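Enquirer: Here it is, the structure in full.
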Amino acid sequence: MQAQAEERALLKAIASGDAKALERLFARAETRVFRFLMRVVKNQAIAEELLNEVFLTVWQNANFYEGRSEPMTWMLSIAHNKAISALRKRTEVTGLAEEAGSDLAAEDDAPDVAVQKQDKSAKIRACIAELSPDHRAVLDLVYYQEQSVAEVAEVLGIPEATVKTRMFYARKKLSELLLARGIDRGWP
Amino acid sequence: MREERVEKLSERDEIEALLPWYASGTLDAKSRARVERYIETHPEVKAHLALAREEADATIAANEAITAPGRDALDRLRASVAAAPRRKQVAGLLSQISDRFADWLSGFSPPQLAFAGAATALLLALQAGVIGALVMERVAAPAYQTAGGGEEKAGEGLELLVGFSPTATAQEITDLLKRLDAVVTDGPKAGLYRLRFPGAKESDEDRKTATEALKQSGIVMTVLPQD
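Taken in sequence, the protein lines are chains A and B. 22 is the number of the first residue of the first sequence in our numbering; add one for each residue after it. 494 is the number of the first residue of the second sequence in our numbering; add one for each residue after it.
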């Protein structure tokens, strides 16, 4: 709660034109925001460009922040909108949404059986990387970004019921991908 | 993504969907109690918590494997900030004119206000011209892209009547419409525009979500349900 209070104070200072406050907020949040962007666009250069755009938007629109959501939720919402726009542009240019710039390409299957067992987590990571950006985003927002149902709804701009449904289908698809790699999770 | 909107989850599936939040400790008290009640009578679901924890471990590991941006990221931001005007400056003319109108109006007697009201109407007319361009754009293109990338036919989805702040810029309105996947289908009538959300349903929940998002934007003064 202390961290959120400090971030709210920083946003208030940014709204009044304090550039140093923006730098402090950037130092606190850049890694989380950047990782979220990378997980959506899967391209280092694009993610870095978008990271810059996100914090520029924070600078220019901090006076629009009304405190109804946590600062991180607000910033992730801006990041999501920019990442989706970037994906759309890339799709329009190349016709490819998923495959382009796969910096996070699925890891190879380890041939060694012992490694395979030890590397179940790596297989889950690989399968999560194969999910659609929408499905991957909902997993990232819950497990890594620690966003509640309502916060995920705000970040993605969809109703809470849709968030739950999307999570269900993301996990179902993950199980299917894992089954194809020889891991039966016994669900659904 | 379309199937997500039309297919309602069974109680069992909804509990399964909530397990990630339950395992992460980010579920609200009511939903948490609901999950716990269900688990008491369906012990097999409890075992599925382990799946959620595996997913959490993998997701966290995948995120932490991503190297933070280079050291020049902050320098790049500093340069961008130095080069870009603040929002208040971007809002520019409309905002300044609006502020001056407020000062101007405060010094007037009631008969004089009738004239001032006409001047305010002129300001709103300027904005109407900006938003009108958005309406015309949609009239010219009866089908449009949704967030899911699918084509939507005009007439589908949730509709709301919206009044924008007189200081809202064209860019802000365009960005908001894009962010919410909304389109202007009509207006202004009595200062209100008809917005359609093709990806949303005419349900209380979707209406509430859209209304909250509009109000939170900071550039919307009025949101009314469609007649």
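Glycine included, every Cβ here is placed at the ideal spot set by N, Cα and C. Predicted, not measured: the structure shown is a model, and the values here were computed from it.
Report the option in I99/A, A40/A and A150/A whose CA atom is closest to the CA atom of V75/A.
Expert: I99/A
Enquirer: Does the beta carbon of Q719/B come closer than 8 Å to any beta carbon on chain A?
Expert: Not closer than 8 Å to any Cβ of chain A, the Cβ of Q719/B fails to qualify, so no.
Enquirer: Grouping DSSP H, G and I as helix and E and B as strand, with all else coil, what is Q23/A?
Expert: Taken through DSSP and simplified to helix, strand or coil, Q23/A comes out as helix.
Enquirer: Pair every Cβ in the segment 139-147 of chain A with every Cβ in the segment 94-112 of chain A, then say whether three or more of these pairs are closer than 8 Å.
Expert: no
Enquirer: What is the rounded straight-line gap between the Cα of L32/A and the Cα of L97/A?
Expert: Between L32/A and L97/A, the C-alpha separation is close to 14 Å.
Enquirer: When you compare only the Cα positions, how much space is there between R689/B and D679/B?
Expert: For R689/B and D679/B, the distance between alpha carbons rounds to 9 Å.
Enquirer: Classify K63/A as helix, strand or coil using the three-state DSSP reduction.
Expert: Looking at K63/A - three-state DSSP - the assignment turns out to be coil, as it is neither helix nor strand.
Enquirer: Within the chosen definition, does the segment 526-534 of chain B reach the segment 27-43 of chain A through at least 3 CB pairs nearer than 8 Å?
Expert: no
Enquirer: Step through the CB atoms of chain A and report whether any lies within less than 8 Å of the CB of L688/B.
Expert: no
Enquirer: What are the start and end residues of the beta strand (DSSP E) that includes L511/B?
Expert: Counting along the chain, L511/B falls outside any beta strand (DSSP E), though it belongs to the alpha helix (DSSP H) covering E504 to S517.
Enquirer: Which residues in chain B sit within 9 Å of A174/A, going by Cβ to Cβ distance?
Expert: T702
Enquirer: State the beta-bridge partners of K682/B as determined by DSSP.
Expert: L685/B
Enquirer: Drop a sphere of 10 angstroms on the beta-carbon of V163/A, count the other beta-carbons inside from all chains shown, and report buried for 16 or more, exposed for fewer.
Expert: buried
Enquirer: Along chain B, which residues have their Cβ under 7 Å away from the Cβ of K188/A?
Expert: It is Met, not Lys, that sits at residue 188/A in the sequence shown. Neighbours of M188/A on chain B, chain order: A510 and P513.
Enquirer: Please state whether the Cβ-Cβ distance between W80/A and L108/A is less than 8 Å.
Expert: no
Enquirer: Report the CB separation of E698/B from A182/A in whole angstroms; it is logged as a contact under 8 Å.
Expert: Yes, they are in contact, since the Cβ atoms of E698/B and A182/A sit about 6 Å apart, within 8 Å.
Enquirer: Please report whether the beta-carbon of T94/A lies at a distance below 8 Å from any beta-carbon of chain B.
Expert: Chain B, which has no Cβ nearer than 8 Å to the Cβ of T94/A, makes this no.
Enquirer: Leaving out five residues before and five after W95/A in sequence, what residues of the same chain have Cβ atoms less than 7 Å from its Cβ?
Expert: Closer than 7 Å at Cβ, skipping near neighbours: Y86.
Enquirer: Return the Cβ separation of V184/A and V170/A in integer angstroms, given the expectation that the two are a contact with Cβ distance under 8 Å.
Expert: 6 Å
Enquirer: Our contact map puts A543/B next to R146/A with C-beta atoms below 8 Å; I'd like the distance itself, whole angstroms only.
Expert: Rounded, the Cβ-Cβ distance is 17 Å, inconsistent with contact.
Enquirer: Are the segment 54-74 of chain A and the segment 191-201 of chain A touching, with three or more C-beta to C-beta distances below 8 Å?
Expert: no
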